[in-house]
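To start, the structure under review is shown below, and the notes come after it.
2 protein chains.
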Amino acid sequence: MPKPRIVILGGGFGGLYTARALRREFGDGAEIELVTAENYFVFQPLLPEVGAGSVTPIHATSPFRFLLKHVRVRKAIVDSVDFDAKTVTVFQGVQRRPTEISYDHLVIALGQVVDLSRTPGLAPHALTMKSLEDARRLRGHVIERLEHADITNLPEVKRGALTFTVIGGGFSGIETVGEMAELIDRSLKYYPNVSRDEIRIIVLEFADKILAEMPDTLRAYAQKQLEKRGVEIRLNTGIASATGTQITTTAGDLIDTRTVVATIGNAPAPVVARMDLPLTQGRIAVARDLSVPDRGNVWSLGDCALIPMKDGAEARGDFAPPTAQFAVREAKQLAANIARAARAEATRPFAYTSKGAMASLGARRGVADVMGVRLTGFLAWLLWRAYYVAFLPGFPAKVWVLSHWVLDWVTPRSLVNLKSHTPPAARHIHYRAGDRIYEQGNRADGFYTVIEGAVEITTETPQPGQPASRRVGPGGHFGERMVLGATRRVATARAAEDTIVMVLDREEFMKLADAIPPFRSYFEDHLTEKGLDWPETAGRSNAAE
Amino acid sequence: MPKPRIVILGGGFGGLYTARALRREFGDGAEIELVTAENYFVFQPLLPEVGAGSVTPIHATSPFRFLLKHVRVRKAIVDSVDFDAKTVTVFQGVQRRPTEISYDHLVIALGQVVDLSRTPGLAPHALTMKSLEDARRLRGHVIERLEHADITNLPEVKRGALTFTVIGGGFSGIETVGEMAELIDRSLKYYPNVSRDEIRIIVLEFADKILAEMPDTLRAYAQKQLEKRGVEIRLNTGIASATGTQITTTAGDLIDTRTVVATIGNAPAPVVARMDLPLTQGRIAVARDLSVPDRGNVWSLGDCALIPMKDGAEARGDFAPPTAQFAVREAKQLAANIARAARAEATRPFAYTSKGAMASLGARRGVADVMGVRLTGFLAWLLWRAYYVAFLPGFPAKVWVLSHWVLDWVTPRSLVNLKSHTPPAARHIHYRAGDRIYEQGNRADGFYTVIEGAVEITTETPQPGQPASRRVGPGGHFGERMVLGATRRVATARAAEDTIVMVLDREEFMKLADAIPPFRSYFEDHLTEKGLDWPETAGRSNAAE
């Protein structure tokens, strides 16, 4: 009999631990392959620490090739599954060639994605805390705000730069805000023009409590601790809309803030949504043994699966929570069930009772509720760290994280701000009515088109025969004078209504104009109407500044 | 008398050490400000180690705020200098507002930039080793090639992925190739489908020797060491052209390679070129006391300055070499001369004799020529490390780098491949005649326009009434069917001549179509001609995969 081929899609807690458990179940008796978009396992509980710089991104992770010695690791993007032919199509490499992988058993562990589209302006303007990139980006973003606050002469700019907002008071939101407050507090002495009382750190939580899964006493401690360290916690308050400079809460308050971290909003991964699978609440409805009904040897676990903990769970909402603790247990049961199925034995339902929960609050404080024992403060924080370093898969990762923690006690937290995120060349920006988009004299580095709303352009120095002010509506554009090599704005642009614009940076605009003749001729005509010539030198340019 | 205001532009070795030396010269008697595009000092000699992952990027650097306690640090981009009004205009913050800074003395220490534009195809397809981002990107790029080589079934793809090329056999090129070879050798055991003899590592050097500044015996040792470790060194050979998959050497050889690291090609920073300054050989021609003639209290040092070491140096080419060792000495002299000028004393010419040179070859081998003593092998390597850790400014950075080096001995080199670089949404790609651009069935994720040359599009499955093949010339486009949501290519595209295309990713194309009506209507008309409709659902999409 040929070895069964077992393919696992996704390398989160569910995927990694399934691969390891399958290897233990089958030894050399199966071909096991893990398909993953990234070549490393992200230890999610450490993301807030990465976001605050106490652990560097590379060391909060382990390469799958260290963790999975006899499992094939394929770095590729899943395109589709043919459940009848029992094949997965993936795209791999620079050329994105399609490759077909056949399976006898398929495990879907693709997690969920963040979806902020229900709140106007939130998707383009919020930071998220789902991936390692997100955490790295948050750290850079916070440091950048401190750098700017230290040198700006404009009070309203300073206020926005020094207001940090976290949306969601669950584990992710609370750990993120606690660590972020620690990073800021430890760094302030290096910013002589910023004082602590200029800083605001705010958590918005739509429910009436933070850390809803925790016992009341621990929640109360966490809230008091954070408030003592200057974190404002607003309960019963969600986010209604966001721009690049402000948010509006569901209570109607406006908050000037340049930092919005959204820890809310889950949705199925697009590739899962595209598969022909029964979704309930955006998750794959599996049977109690973690098999997907009627798809033949297909299984699912982790955040992408809706796992009934009892028969008839659908009616009572009695499902496994989407936590690492559960995913690891699910992985063991799933691997055992595949082994049983391979031996033509009956599978068994997944059963597990939570052993508790822990949260770090930053600044060496935490809360822990473990097997009935409740701890707060330094001890809870130490337990949190000890537990997670023990849980962290891979010996090198443990060594590195421990070293980081030790060195973090004896050295200042680094303020090096690497560019962790290149903003896309074309991006959407939301403005509220009255917001300034740019001012006469600002550096001209973008071209704007209006998608929704209207923009008022006014100049103190109108060209002869041109009006001092004009209004630009949907489909209209402004700021195109930068193609002439202007480095300064010759007019001020303000949102006349709530407005969405697309901004294109200069290099991208010039590349498009250079490569796509109708694009260029349209804007050339437009400049001609204004009595301006497209410059000879505005051609292809790779000049870097 | 008011305190003199001294403004330093640029935070490389020249800028940082000038700021420190000025502080020592003046104490509280001057206002000193450093203007820098990044908030951290990059210790350039460690870049090859960052590129090979033995030191993480954050820890090869120090935040200026740690290094400069009584110096104002301004993270901003220099726009221009008005030498008459004695002001510098910078852009800072998200809004890019212009800010004017006045000075009594100005120090220009803006270094040089990489310019690869003289070699066709090199700029869009080569990696560089100038900045921390470059080094980080190289590490990710090398790991990505190993990941792909391990899973591809296509021999020609594997060959290109496993060929690594470094252009330039100076210090930067040799240290980079040595460290890269070490990273690859140490990592191979985790890639079961890649064997050592499939790997090629090549250095191209246009001169007849590597490490030209070193004594002959050390050069010979370095070359032998690298060759023993499988590095091919091609002397008297430069690069003639590059594409994404191949390079052509000046000897006419074609090399299939997906990795080209260019350590050649310097040019003045655009902001320096824009200033009204006397440039010689692309550098600011300063007097022997490091002052810029006829600009009034303007000084320059480091890579951006051409510093005569003797009177009449212009005739004999007797200038200070652009090395860290010299920049640090120049900084001391420059600061002393500003202090002398402030006291109305005569300034003194810069004079210094090199103390020697060292190079790491990776794998615990090096060469060193220090004050007449010549060392090779392990001892030279150890001396290299000891010297640089002593030289590394900032105590925390020393602690971290040492810790990294110790842990690197006891743990495997991490293979975590973080996305350090988001490719621009619109980018140029060079192809040689005959190169495949994409194949029928490939994932459709980009839209192409032809800038130079011609592309042949052929399909095995022509639409009724459409030809099986067409040729697209400059200004023409192909691959636009992806707007219809096609995920696979329906035709194969090949370069019919040497060709430059611009490729635009799908998300960017859809954003532009959504925001710029003439852009959309042009492509809508074009699809209509082909009998295809622009889809209702192809509107604004923020969906992330």
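So the protein lines, in turn, are chains A and B.
Take the first sequence: its letters are residues 90 to 634, numbered as in the working numbering.
Take the second sequence: its letters are residues 90 to 634, numbered as in the working numbering.
Built from N, CA and C at the ideal position, the CB exists for glycine as well.
The structure displayed is predicted, hence computed values, not measured ones.
- Task: Answer with buried or exposed for E403 (chain B), where buried requires no fewer than 16 other C-beta atoms within 10 angstroms of its C-beta.
- Result: For the purposes of this step, residue 403 (chain B) is taken as the residue at position 314 of the second sequence. Here E403 (chain B) is exposed. Its C-beta has fewer than 16 other C-beta atoms within 10 Å.
- Message: Measuring straight from C-alpha to C-alpha, what distance separates Y129 (chain B) and L157 (chain B)?
- Response: Position 40 of the second sequence, counted from the first residue, corresponds to residue 129 (chain B). Position 68 of the second sequence, counted from the first residue, corresponds to residue 157 (chain B). Computed Cα separation, rounded: 11 Å.
- Item | Integer-rounded CB distance, given that T254 (chain A) should sit under 8 Å from I344 (chain A) | Counted from its first residue, the first sequence places residue 344 (chain A) at position 255. Counted from its first residue, the first sequence places residue 254 (chain A) at position 165. Going by Cβ atoms, the distance from I344 (chain A) to T254 (chain A) rounds to 6 Å, so yes, they are a contact pair.
- Query: Along the chain, where does the alpha helix (DSSP H) that runs through I240 (chain A) open and close?
  - Reply: Position 151 of the first sequence, counted from the first residue, corresponds to residue 240 (chain A). Its alpha helix (DSSP H) spans residues L221 to I240.
- Does the Cβ of L468 (chain A) have 16 or more other Cβ atoms within 10 Å, making it buried, or fewer, making it exposed? Within the first sequence, residue 468 (chain A) is the residue found at index 379, counting from 1. By the beta-carbon neighbour count (other beta carbons within 10 angstroms, threshold 16), L468 (chain A) is exposed.
- Pull out every residue of the segment 128-139 of chain A whose Cβ sits closer than 7 Å to any Cβ of chain B, in chain order. Within the segment 128-139 of chain A, the qualifying residues are N128 and Y129.
- Does DSSP put A627 (chain B) in a helix, in a strand, or in coil? Position 538 of the second sequence, counting from 1, holds the residue named residue 627 (chain B). At A627 (chain B), the pLDDT of 46 sits below 50, so the modelled position is not reliable; the number obtained from the coordinates is stated separately. DSSP places A627 (chain B) in the coil class of the three-state scheme, outside both helix and strand.
- Within chain A, partners of Y279 (chain B) - CB distance below 8 Å: Here residue 279 (chain B) refers to the residue found at position 190 of the second sequence. Result: P152, R154 and F155.
- Task: Report the rounded CA-to-CA distance for H237 (chain B) versus V417 (chain A), giving the unit in angstroms.
- Result: Taking the first residue of the second sequence as position 1, residue 237 (chain B) is located at position 148. Taking the first residue of the first sequence as position 1, residue 417 (chain A) is located at position 328. CA-CA distance, H237 (chain B) to V417 (chain A), rounds to 29 Å.
- Item | Boundaries of the beta strand (DSSP E) in which T338 (chain A) is found, first to last residue | If you number the first sequence from 1, residue 338 (chain A) lands on position 249. T338 (chain A) -> beta strand (DSSP E) spans Q335 to T338.
- Query: Nearest-angstrom Cα distance between T588 (chain B) and A543 (chain A)?
  - Reply: Numbered from 1 along the second sequence, position 499 holds the residue referred to as residue 588 (chain B). Numbered from 1 along the first sequence, position 454 holds the residue referred to as residue 543 (chain A). Using only the alpha carbons, I get a separation of about 42 Å.
- Cα-Cα, which of B:P187, B:W489, B:P553 and B:R437 is closest to E419 (chain B)? Here residue 419 (chain B) refers to the residue found at position 330 of the second sequence. The shortest C-alpha separation from E419 (chain B) is found at B:R437.
- Query: What residues from chain B crowd round F253 (chain A), counting only those whose CB sits closer than 9 Å?
  - Reply: Your numbering for residue 253 (chain A) matches position 164 in the first sequence. The premise fails here: F253 (chain A) is roughly 15 Å from chain B at the closest Cβ pair, so nothing lies under 9 Å.
- Item | Per-residue contacts from T241 (chain A) into chain B (C-beta, under 9 Å) | What you label residue 241 (chain A) is simply residue 152 of the first sequence in a count that begins at 1. From the beta-carbon of T241 (chain A), the residues of chain B found nearer than 9 Å are Q181, G182, R186 and T188.
- Query: Taking Cβ positions, are V456 (chain B) and L307 (chain B) nearer each other than 8 Å?
  - Reply: As a position in the second sequence, residue 456 (chain B) is number 367, starting the count at 1. As a position in the second sequence, residue 307 (chain B) is number 218, starting the count at 1. Cβ atoms of V456 (chain B) and L307 (chain B): closer than 8 Å.
- Query: Curious, which full-length alpha helix (DSSP H) runs of at least 4 residues does the segment 463-489 of chain B contain?
  - Reply: Counting only runs of 4 or more, we get 467-480.
- DSSP puts L300 (chain A) in a beta bridge; with which residues? The residue given as residue 300 (chain A) occupies position 211 in the first sequence. In DSSP, L300 (chain A) forms no bridge with anything.
- Identified DSSP bridge partners for T145 (chain B): Residue mapping note: residue 145 (chain B) aligns to position 56 of the second sequence, counting from 1. In DSSP, T145 (chain B) forms no bridge with anything.
- Quick one: Cα of Q529 (chain A) to Cα of E541 (chain A), how far? The residue you call residue 529 (chain A) lines up with position 440 of the first sequence. The residue you call residue 541 (chain A) lines up with position 452 of the first sequence. Taking the Cα positions, Q529 (chain A) is about 23 Å away from E541 (chain A).
- With C-beta atoms as the reference, is T217 (chain B) less than 8 Å away from A351 (chain B)? Taking the second sequence and counting its residues from 1, one reaches residue 217 (chain B) at position 128. Taking the second sequence and counting its residues from 1, one reaches residue 351 (chain B) at position 262. In this structure, T217 (chain B) lies near A351 (chain B), with their beta-carbon atoms less than 8 Å apart.
- What is the residue span of the alpha helix (DSSP H) that V645 (chain B) lies within? Examination of residue 645 (chain B) is not possible in this model, given that chain B is present from 90 through 634 alone.
- Message: In the DSSP output, what is Y537 (chain A) paired with across the bridge?
- Response: Counted from its first residue, the first sequence places residue 537 (chain A) at position 448. Beta-bridge pairing links Y537 (chain A) to A:F567 and A:V592.
- Query: Considering only residues of the same chain and omitting the five flanking positions on each side of R248 (chain A), which have a CB-CB separation below 8 Å?
  - Reply: To locate residue 248 (chain A), count along the first sequence from 1; it is residue 159. E287 and D345, listed in sequence order.
- Query: Helix or strand or just coil, what does DSSP make of H615 (chain B)?
  - Reply: The count along the second sequence starts at 1 and reaches residue 615 (chain B) at position 526. Helix, per DSSP.
- Message: Can you check whether the C-beta of G99 (chain A) is within less than 8 Å of a C-beta belonging to chain B?
- Response: What you label residue 99 (chain A) is simply residue 10 of the first sequence in a count that begins at 1. Chain B contact via Cβ: absent.
- Residues of chain A with a CB under 8 Å from the CB of T145 (chain B): which are they? Taking the second sequence and counting its residues from 1, one reaches residue 145 (chain B) at position 56. At a C-beta separation below 8 Å, T145 (chain B) has these neighbours in chain A: T145, I147 and H148.
- Beta-carbon proximity check, T332 (chain A) vs G523 (chain A), cutoff 8 Å: Here residue 332 (chain A) is taken as the residue at index 243 of the first sequence, counted from 1. Here residue 523 (chain A) is taken as the residue at index 434 of the first sequence, counted from 1. No, these two residues do not count as a Cβ contact at 8 Å.
- Establish whether the CB of S503 (chain B) and some CB of chain A are separated by less than 8 Å. Translated into positions along the second sequence, residue 503 (chain B) becomes position 414. Cβ-Cβ to chain A under 8 Å: yes for S503 (chain B).
- Determine which residues of the segment 201-224 of chain A have a Cβ less than 7 Å from any Cβ of chain B, and write them out in chain order. Within the segment 201-224 of chain A, contact with chain B at the beta-carbon level (separation under 7 Å) is assigned to V202, S206, A212, L221 and E222.
- Determine the extent of the beta strand (DSSP E) in which K164 (chain B) is found, giving its start and end residues. Numbered from 1 along the second sequence, position 75 holds the residue referred to as residue 164 (chain B). Counted as a single uninterrupted DSSP element, the beta strand (DSSP E) harbouring K164 (chain B) occupies residues R161 to K164.
- Task: Can you check the segment 251-280 of chain A for any alpha helix (DSSP H) of at least 4 residues that lies completely inside it and give the ranges in chain order?
- Result: Fully enclosed alpha helix (DSSP H) runs of no fewer than 4 residues occupy 260-276 of the segment 251-280 of chain A, in order along the chain.
- Where does the unbroken alpha helix (DSSP H) through V283 (chain B) begin, and where does it stop? On the second sequence, position 194 is the one that residue 283 (chain B) refers to. No alpha helix (DSSP H) holds V283 (chain B); DSSP gives it neither H nor E.
- Taking Cβ positions only, does V350 (chain B) come closer than 8 Å to chain A? Reading the second sequence from its first residue, position 261 is the one you call residue 350 (chain B). Nearest CB-CB separation between V350 (chain B) and chain A: not below the 8 Å threshold.
- Item | Distance, N386 (chain A) Cα to P93 (chain A) Cα | Residue 93 (chain A) sits at position 4 when you count from the first residue of the first sequence. Residue 386 (chain A) sits at position 297 when you count from the first residue of the first sequence. Rounded to the nearest whole angstrom, the C-alpha separation of P93 (chain A) and N386 (chain A) is 11 Å.
- Going along chain B in order, which residues have a C-beta closer than 7 Å to the C-beta of L307 (chain A)? What you label residue 307 (chain A) is simply residue 218 of the first sequence in a count that begins at 1. Chain B residues near L307 (chain A): none, gap ~34 Å exceeds 7 Å.
- Query: Taking three-plus beta-carbon pairs below 8 Å as touching, is the segment 559-571 of chain B in contact with the segment 497-513 of chain B?
  - Reply: Contact fails: fewer than three Cβ-Cβ distances are below 8 Å.
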